[in-house]
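Note sheet for the following structure.
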Amino acid sequence: MTATEAPPLQLDEIQGIVLRDRPSPYVGTYILLRVDDAGAGRELMGRLAELVDSAANWWQPELPALLNAGLTYRGLEALQVPPAALNTFPDEFRQGMAARAEFIGDTGESAPARWEPPFGTGQVHVVLSLLAADQESLAVVLERARKAHAQLSGLQVVHRQDFYQLSTGRTSFGYKDGIGNPTIEGSGAESPPGDGSVLKAGEFVLGYPDETGNVPPMPRPAELGRNGTFVAWRKLHTRVAAFRRYLHDNSGGPEEESLLAAKIVGRWQSGAPLILAPEHDDPALGADDQRNNGFRYESDPRGAICPHGAHARRANPRDSEIIGDIRLHHMIRRGTNYGPPLAAGTLDDDGADRGIVFVFIGSHLDRQFEFVKSQWLNDGHFTGLDQEKDLLTGDNDGTGIFTIPQHPIRRRLHGVERFVITRGGEYFFLPSLSALRWLASPGA
Ligand code: HEM
Numbered sequence: 001m002t003a004t005e006a007p008p009l010q011l012d013e014i015q016g017i018v019l020r021d022r023p024s025p026y027v028g029t030y031i032l033l034r035v036d037d038a039g040a041g042r043e044l045m046g047r048l049a050e051l052v053d054s055a056a057n058w059w060q061p062e063l064p065a066l067l068n069a070g071l072t073y074r075g076l077e078a079l080q081v082p083p084a085a086l087n088t089f090p091d092e093f094r095q096g097m098a099a100r101a102e103f104i105g106d107t108g109e110s111a112p113a114r115w116e117p118p119f120g121t122g123q124v125h126v127v128l129s130l131l132a133a134d135q136e137s138l139a140v141v142l143e144r145a146r147k148a149h150a151q152l153s154g155l156q157v158v159h160r161q162d163f164y165q166l167s168t169g170r171t172s173f174g175y176k177d178g179i180g181n182p183t184i185e186g187s188g189a190e191s192p193p194g195d196g197s198v199l200k201a202g203e204f205v206l207g208y209p210d211e212t213g214n215v216p217p218m219p220r221p222a223e224l225g226r227n228g229t230f231v232a233w234r235k236l237h238t239r240v241a242a243f244r245r246y247l248h249d250n251s252g253g254p255e256e257e258s259l260l261a262a263k264i265v266g267r268w269q270s271g272a273p274l275i276l277a278p279e280h281d282d283p284a285l286g287a288d289d290q291r292n293n294g295f296r297y298e299s300d301p302r303g304a305i306c307p308h309g310a311h312a313r314r315a316n317p318r319d320s321e322i323i324g325d326i327r328l329h330h331m332i333r334r335g336t337n338y339g340p341p342l343a344a345g346t347l348d349d350d351g352a353d354r355g356i357v358f359v360f361i362g363s364h365l366d367r368q369f370e371f372v373k374s375q376w377l378n379d380g381h382f383t384g385l386d387q388e389k390d391l392l393t394g395d396n397d398g399t400g401i402f403t404i405p406q407h408p409i410r411r412r413l414h415g416v417e418r419f420v421i422t423r424g425g426e427y428f429f430l431p432s433l434s435a436l437r438w439l440a441s442p443g444a
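As structure tokens, then:
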């Protein structure tokens with residue numbers, strides 16, 4: 001099959017979270033389960049096939065609530081999926097996120113040995129993701145999830161992680177997030193004016209041609225793999241006070257502080273991209289979905305407006321000149337916030353746990369999530385920044401550097417510490433609705 005003959009996406013087979021954005025505001029919870037009995041696990045899959053939300057009509061006004069489900073490789077084993085099928089899953093998924101820690105920068109304080117249990121212990125088999133517009137709708141979808149796993153004695157809830165949108169509508173670091181997401185061919189979405197990049201469906205959903213022009217390998221049988229995808233789920237603690245202090249100590253006042261914050265991410269905290277608003281914040285632009293993602297970097301080859309080391313430019317260099325093919329490294333992000341906000345203006349840590357549950361969705365954990373994390377965020381070679389790491393999310397150790405190109409002399413910040421700590425994470429497979437049915441009686 002050639003890319004031009006790509007079939008339209010089977011939206012009613014694909015799980016809703018792949019295409020549906022979060023409501024705003026949102027509340028939700030992740031329920032993590034361990035399967036102690038294969039029969040109970042299979043029964044759960046059969047029930048979920050009737051209860052999870054698909055991506056059908058995703059463009060219509062948001063559903064009041066969304067239930068989705070994924071499995072780790074250990075989860076597939078616990079269901080006693082036949083080895084012939086298990087062996088068709090990609091290596092990095094089979095190994096699991098903890099085993100990939102060194103490669104993706106989960107070292108030192110972020111090392112799996114220091115993760116919160118049950119992450120990385122092999123005890124997490126299934127995740128239920130519940131996302132709702134308000135507490136009332138969350139209660140309804142919680143009841144739906146309870147129907148799926150209640151009274152199955154071979155299942156244990158091993159963890160629950162609540163999340164919600166902060167009243168500011170932003171992340172704990174103060175930035176609007178979730179703006180730059182790819183447009184997927186065949187999904188019915190149109191790319192925003194000025195962006196222009198539409199990516200092949202196979203980059204994000206298994207069973208379709210991807211940017212290489214081929215249908216990439218997928219788990220077999222096809223009923224199991226097709227219309228599924230992979231998730232990298234990470235609980236990331238954010239050191240908000242330390243980050244604020246860093247901004248404060250490296251600026252000469254509030255205006256400079258807000259410009260430095262913009263240089264660090266490539267967007268003002270309002271979401272307005274530096275490329276479209278180089279000198280001053282433009283909150284109206286930041287809030288406008290039709291305009292806030294419509295830009296490229298061609299007008300700024302030296303990074304004088306948006307540094308090459310800015311988080312968003314690293315994570316998606318768009319049309320920047322770099323080593324490699326950018327189109328092979330895109331991702332869908334569905335991150336959410338957890339923990340209380342740090343009081344406005346405070347530069348001292350209050351000891352609370354707060355941060356982001358980072359959610360990557362894509363067909364290729366290795367060449368999308370792991371590549372971007374290891375090569376683009378935790379290294380600078382691809383864009384001429386030597387070993388400089390992302391200031392915001394890199395595994396810096398107090399000796400990190402951040403370069404801001406400017407005339408007449410570039411500015412170099414030193415002493416960058418680690419502002420984001422991994423508290424745990426897992427790789428999940430997000431099966432199609434048919435695959436959930438297949439998993440209810442695998443190999444039958
Ligand atoms: C606590 C951790 C993180 C924070 C606070 C954070 C914050 C942000 C912010 C504020 C933006 C700009 C707004 C937007 O485009 O949505 C952004 C963009 C982005 N981030 Fe992160 N991020 C985090 C971790 C990560 C990680 C681990 C990855 C990938 C492995 C990543 C990949 C991306 C991508 C792909 C974009 C979009 C860039 C674009 O299309 O222009 N982020 N992030």
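The UniProt record's numbering applies: residue 1 is where the sequence shown begins, and numbers increase by one.
We treat Cβ as the ideally placed atom computed from N, Cα and C, and that holds for glycine.
Predicted, not measured: the structure shown is a model, and the values here were computed from it.
Whole angstroms is fine: what's the gap from V35's alpha carbon to Q80's? 11 Å
From R160 to Y30, what distance separates their C-alpha atoms? 6 Å
As a quick exercise: from I179, H248, I305, pick the residue whose alpha carbon is nearest that of R333. I179
DSSP state of L347 mapped onto helix, strand, coil: coil
List the residues that DSSP assigns as beta-bridge partners of I404. R411
Does at least one heavy atom of the ligand HEM sit under 7 Å from the Cβ of T238? yes
What is the C-beta distance between G96 and E426, in whole angstroms, given that I count them as a contact (C-beta under 8 Å)? 7 Å
Pull up the distance between the alpha-carbon of I119 and that of Q406, whole angstroms please. Ile is not the amino acid found at residue 119; the sequence shown has Phe there. Taking the straight line joining both Cα atoms gives about 43 Å.
Does the beta-carbon of H414 have 16 or more other beta-carbons within 10 angstroms, so that it is buried, or is it exposed? exposed
Rounding to the nearest angstrom, what Cα-Cα distance links R226 and L328 in this structure? 20 Å
Rounded to the nearest angstrom, how far is the Cβ of T399 from that of L385, given a contact under 8 Å? Between L385 and T399 the Cβ distance is about 15 Å, and since that is not below 8 Å, they are no contact.
Using 8 Å as the threshold, is the stretch 56-65 in touch with the stretch 132-139, meaning 3 or more CB pairs across them? yes
At what residues does the beta strand (DSSP E) containing Y338 begin and finish? 336-338
Helix, strand or coil: how does DSSP classify E298 here? coil
Hey, out of K200, P273, Q123, whose CA is closest to A78's CA? Q123
Just to confirm, are F230 and L71 a CB contact at a threshold of 8 Å? no
Opening and closing residue of the alpha helix (DSSP H) in which D395 lies: Note, D395: premise wrong, no alpha helix (DSSP H); not H, not E.
Is any heavy atom in the ligand HEM found nearer than 7 Å to the beta carbon of L392? yes
Short of 8 Å in beta carbon distance, which residues of its chain neighbour L44, apart from the five on each side in sequence? Order them along the chain. L33, V35, V126, A148, H149, L152, L155
Taking the beta carbon of P112 as the centre, do at least 16 other beta carbons fall within 10 Å, making it buried, or is it exposed? buried
Going by Cα to Cα distance, which pick from R74, S197, P83, N337 is closest to A99? R74
From the DSSP output, in three-state form, read off residue 512 for me. Outside the displayed span of the chain (1 to 444) sits residue 512, for which this structure offers no information.
Within the same chain, show all residues whose beta-carbon is closer than 8 Å to that of L365, passing over the 5 residues directly before and after it, in chain order. P90, E92, F93, F230, A232, Y427
Can you tell me whether H381 is buried or exposed? The criterion is at least 16 other CB atoms within 10 Å of its CB, across all chains shown. exposed
H311 Cβ short of 7 Å to the ligand HEM heavy atom set: yes
Whole angstroms are fine: how far does the CA of L392 sit from the CA of residue 452? Given a span of 1 to 444 for the chain in the structure shown, any question on residue 452 remains unanswerable.
Find out if the Cβ-Cβ distance for the pair V205, V18 is shorter than 8 Å. yes
Cβ neighbours of T2 in the same chain (closer than 6 Å, five flanking residues each side left out): Only weak support is given to the placement of T2: the predicted model assigns it a pLDDT of 38, under 50, and the value that follows is read from those uncertain coordinates. Within the same chain, T2 has no close Cβ partners at all.
Tell me whether N214, by its Cβ, gets closer than 7 Å to a heavy atom of the ligand HEM. no
Who are E426's beta bridge partners in DSSP? W233
Just to confirm my understanding: we take R437, look at its own chain, exclude 5 residues before and 5 after, and list those with CB closer than 6 Å. What are they? A49
Would you tell me roughly how many angstroms separate the C-alpha atoms of M218 and H280, rounded to the nearest one? 46 Å
Given 8 Å, three or more beta-carbon pairs between the stretch 259-266 and the stretch 306-320: yes
Hey, out of G294, S251, P82, whose CA is closest to R267's CA? G294
Could you check if T171 belongs to the surroundings of the ligand HEM, using beta carbon to heavy atom distance under 7 Å? yes
Entirely enclosed alpha helix (DSSP H) segments - the stretch 237-264, minimum 4 residues: 240-249
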